[in-house]
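Note sheet for the following structure.
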Amino acid sequence: MTCAGPSPRRGAAQAVVTPVAGGLVASREGRIVFVGPVPAFESGVQAAPGAVVLDAARGTVIPGFVDPHTHVVYAGDRREELRRRLAGASYAEIASTGGGIVSTVRETREASEDALVESARRRLAEMLRCGTTTAEAKSGYGLETEAELKMLRAIRRLAADQPIDLVPTFLGAHEIPVEFRERRQAYLDLLVDEMIPAVVAGGLAEWCDVFCETGVYTPEESRLILEAGARGGLRPRIHADELAASGGSDVASAVGARSADHLLFVTPESANRMAASGVVATLLPAAAFYLKFGRFAPARMLIERGVAVALATDLNPGGGFTPSMPFVMTLACFAMGMTLEEALVGATLNAAYAIGRDTEVGSLEPGKLMDAVVVDGEVVDLIRVGAPAIRHVVKRGRVVASA
Ligand SMILES: [Zn+2]
């Protein structure tokens with residue numbers, strides 16, 4: 009399944025996976041030079057002496073997964089909260105006793121940059137074994153200038169010294185820090201006047217993100233922050249309509265964000281505006297699953313209204329307990345009513361578009377990076393949760409993980 013063709017895929021095109029039966033993919037110096045049937049390769053292309061040959065016999069080759077929404081860099085451990093949630097505690101109850109994002113902020117502020125790099129490196133290695141070859145990574149557990157910069161520097165170091173390509177996002181507006189709860193305007197000023205300029209000056213992020221939600225950032229505040237980021241060259245994306253229809257998707261449409269993420273409560277009217285503005289819906293069903301929300305984003309409604317749908321893990325210390333895009337695809341199919349083909353496009357080409365990497369990755373096409381997953385069997389074997397369906401993971405033409 010090459011997923012080759014134009015991006016993003018909307019409406020009926022969301023299901024176009026462009027299969028090649030009995031095919032072969034060839035690359036040189038990390039970039040794809042040929043995709044097609046074996047006879048066409050043999051008559052037109054010469055394999056270099058000593059070329060690495062991977063036999064995908066009885067298997068399926070698909071593009072490496074792209075995970076366009078992660079909080080992979082953080083300190084601390086909140087698995088105790090998972091146990092409490094399983095015993096019936098709500099998100100609000102856990103937050104009211106010092107848990108939730110606040111506890112991760114405390115630990116991340118105290119952690120050294122080296123410690124952040126080392127803990128995230130282990131998580132990235134797990135993601136790689138699950139087939140992810142490109143991922144977005146956010147700051148947002150510092151919530152003060154130096155701690156946010158520390159997180160972004162950790163992301164930059166990780167991008168340089170492990171196989172997964174990382175796309176950095178500044179999320180200083182992840183929460184209102186506890187010490188600013190009684191004077192939130194002062195924190196907004198800090199974001200706009202100090203943090204964003206420092207991030208831009210350091211060249212540390214490509215995107216600016218905001219958690220727009222009741223009790224966190226209002227739509228008006230979100231818009232101000234995203235516009236300040238955009239003035240510095242940080243492109244906008246947003247956490248939207250996760251806990252209520254709180255206006256985040258409309259902010260995305262208004263500022264021309266590339267992606268609005270979560271969207272459990274997005275309305276049909278807001279979906280129409282997203283379609284008209286070309287905003288991608290990045291859906292994170294594993295977060296809804298582990299947080300026991302009892303509902304999922306309306307993927308079918310979004311697809312029917314012409315919104316391109318991407319999928320992501322939302323890997324994070326609270327509700328993002330899985331590094332696995334195949335598990336996210338499984339939830340997309342069984343909890344959100346997507347077809348297997350729609351889920352595969354959501355986890356590859358549309359995910360690449362959601363983070364502005366669709367000209368480099370997301371499909372198997374000449375000129376793109378040789379990032380691929382060799383599946384044991386067919387694509388459907390990926391959603392046999394727990395079965396080891398991935399035989400090899402290839403990044404820039406090198407085998408970086410094998411069963
Ligand atoms: Zn998030």
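For the sequence shown, the tail end lands on 411 under the working numbering, and the numbers increase by one without skipping.
Quick reminder that beta carbons are idealized off the backbone N, C-alpha and C, glycines included.
It should be emphasised that the depicted structure is a prediction, and the values quoted were computed from it without experimental measurement.
Q) Just to confirm, does D322 get its C-beta within under 7 Å of one of the non-hydrogen atoms of ligand 3? A) Because ligand 3 does not appear in the structure shown, any question about it cannot be addressed here, the ligands present being ligand 1.
Q: For the region 338 to 346 and the region 150 to 166, state whether three or more C-beta atom pairs, one from each stretch, are separated by less than 8 Å.
A: no
Q.
For a test of your reading of the model: does the CB of H247 fall under 7 Å from any non-hydrogen atom of ligand 1? Yes or no.
A. yes
(Q) So, under 8 Å CB-CB, I184 and A236 are touching, yes? Tell me the CB distance rounded to an integer number of Å. (A) Between A236 and I184 the Cβ distance is about 16 Å, and since that is not below 8 Å, they are no contact.
Q) Where A133 and S254 are concerned, what is the direct C-alpha to C-alpha distance, given to the nearest angstrom? A) 36 Å
Q. Around the Cβ of K376, are there at least 16 other Cβ atoms within 10 angstroms (buried) or fewer (exposed)?
A. buried
Q: Report the residue from T116, D384, V393 and R303 whose alpha carbon sits nearest the alpha carbon of S410.
A: D384
Q) Quick one: complete alpha helix (DSSP H) runs, 4+ long, within the region 22 to 81? A) 46 to 52
(Q) With a threshold of 7 Å (Cβ to nearest heavy atom), would H400 be considered close to ligand 1? (A) no
Q.
Taking only three categories from DSSP, how would you classify E121?
A. helix
**Q.** Spatial distance of V369 from A65 (CA atoms)
**A.** 24 Å
Q) Mind checking whether L212 and L157 have CB atoms under 8 Å apart? A) yes
Q) If you draw a straight line from the C-alpha of V60 to the C-alpha of G405, how long is it? A) 9 Å
Q. On the premise that A362 lies in contact with T76, defined as a C-beta separation below 8 Å, what is that separation, rounded to the nearest angstrom?
A. The residue you asked about is not Thr; residue 76 is Pro in the sequence shown. Going by Cβ atoms, the distance from P76 to A362 rounds to 4 Å, so yes, they are a contact pair.
Q.
If I follow the unbroken alpha helix (DSSP H) through P331, where does it start and stop?
A. It is not in any alpha helix (DSSP H) - P331 carries neither H nor E in the DSSP assignment.
**Q.** Stretch pair the region 239 to 247 + the region 255 to 271: three plus CB contacts closer than 8 Å
**A.** yes
Q. What residue from G38, R39 and A55 has the CA that sits closest to V46's CA?
A. A55
Q | Proximal residues to E115 (C-beta, below 6 Å), its chain only, five neighbours per side dropped | A | A83 and G84
Q. Do three or more CB pairs link the region 321 to 330 to the region 388 to 406 at distances below 8 Å?
A. no
(Q) Once DSSP output is grouped into helix, strand and coil, what is the label at D269? (A) strand
(Q) Tell me whether the region 14 to 26 and the region 307 to 321 touch, counting them as touching only if at least three CB pairs, one residue from each stretch, are closer than 8 Å. (A) yes
(Q) Can you tell me which residues form a DSSP beta bridge with A248? (A) H270
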